[in-house]
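Everything in the sequence shown is counted per full-length UniProt numbering, starting at 1 for the first residue and increasing by one.
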Amino acid sequence: MDEAGSSAGGGGSSFRPGVDSLDEPPNSRIFLVISKYTPEAVLRERFSPFGEIQDIWVVRDKHTKESKGIAFIKFARSSQACRAMEEMHGQCLEPNNTKPIKIYSVEETDKWEITTYRFGNLIEVYLVSGKNVGYAKFADRMSANDAIATLHGKILNGVRLKVMLADSPREESNKRQRTY
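Below you can see the structure in the form of structure tokens.
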């Protein structure tokens with residue numbers, strides 16, 4: 001286990017998303033958007049009926065060690081991951097937690113989306129088709145500032161990131177004076 005998350009696989013493996021050699025067989029990892037209060041034990045309990053879980057990684061804040069509300073689960077077989085996605089997407093994990101989870105295969109989830117989820121309560125990601133432009137909407141300014149401080153100038157998918165705050169549509173329309 002390290003400061004960024006927890007590792008539940010046997011033998012102290014160091015499962016981390018984005019490492020191609022760890023995706024054997026292909027499509028055997030899933031990406032989950034969960035409640036910040038969902039413990040790893042609940043994930044193991046709810047997902048083990050679908051097959052052999054090789055590892056679970058709940059992404060945690062480096063400083064507070066609190067869950068960031070996302071996790072990765074590595075299954076032994078692609079078919080197990082696929083069945084888990086099909087049956088669990090949109091379900092609630094616990095009776096007292098009514099927030100439905102979202103599940104994606106790591107391969108179909110854009111690296112930008114996975115990267116931005118690390119910084120807090122991400123509300124929405126929008127990528128402009130055919131351009132190297134994207135927008136991430138966070139629930140609070142602190143999460144957005146963390147993303148800016150960490151990602152600005154980094155290279156993702158071969159593109160140097162220029163990360164900054166953008167005005168909301170309301171702020172943008174207030175700036176423009178319409179004259180007819």
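We treat Cβ as the ideally placed atom computed from N, Cα and C, and that holds for glycine.
Three-state secondary structure (DSSP) of residue i
i            : result
glutamate 87 : helix
arginine 160 : strand
threonine 38 : coil
alanine 81   : helix
proline 25   : coil
alanine 166  : coil
According to DSSP, residues forming a beta bridge with residue i
i              : result
leucine 32     : Ala71 and Ile103
asparagine 132 : In DSSP, asparagine 132 forms no bridge with anything.
aspartate 55   : Lys74
valine 125     : Ala136
asparagine 97  : Glu94
arginine 44    : In the DSSP output, where bridge partners are listed per residue, arginine 44 has none listed.
valine 155     : The question names valine, but residue 155 in the sequence shown is isoleucine. According to DSSP, which records beta bridges pairwise, isoleucine 155 is partnered with Arg160.
arginine 60    : Ser67
Inter-residue Cα distance where the pair is residue i and residue j
i                : j              : result
arginine 44      : alanine 71     : 11 Å
glycine 90       : valine 125     : 18 Å
phenylalanine 50 : alanine 136    : 32 Å
lysine 154       : isoleucine 56  : 27 Å
threonine 150    : valine 163     : 9 Å
proline 25       : lysine 65      : 31 Å
serine 21        : lysine 99      : Here serine 21 scores only 41 on pLDDT, less than 50, and its place in the model is too uncertain to base an answer on.
phenylalanine 47 : serine 143     : 29 Å
leucine 32       : alanine 41     : 15 Å
histidine 152    : arginine 141   : 16 Å
isoleucine 101   : asparagine 132 : 29 Å
asparagine 97    : isoleucine 73  : 20 Å
Of the residues the options, the one placed nearest residue i, counting alpha carbons only
i             : options                           : result
arginine 77   : Pro100, Asn96, Cys92 and Ile53    : Ile53
alanine 139   : Val42, Ser48 and Lys68            : Lys68
cysteine 92   : Ile103, Cys82 and His152          : Ile103
valine 59     : Phe75, Ala84 and Tyr37            : Tyr37
residue 181   : Gly134, Asn96, Phe75 and Asp146   : Beyond the ends of the chain as shown, which are 1 and 180, falls residue 181; an answer cannot be given.
alanine 166   : Gly134, Val159 and Arg160         : Gly134
serine 28     : Asn132, Glu40 and Met85           : Met85
isoleucine 34 : Ile148, Ser48, Met88 and Ser79    : Met88
alanine 81    : Ile30, Ile101, Lys131 and Asp61   : Ile30
serine 79     : Asn132, Leu161, Ser105 and Lys131 : Ser105
glutamate 94  : Pro39, Arg160, Leu161 and Val159  : Pro39
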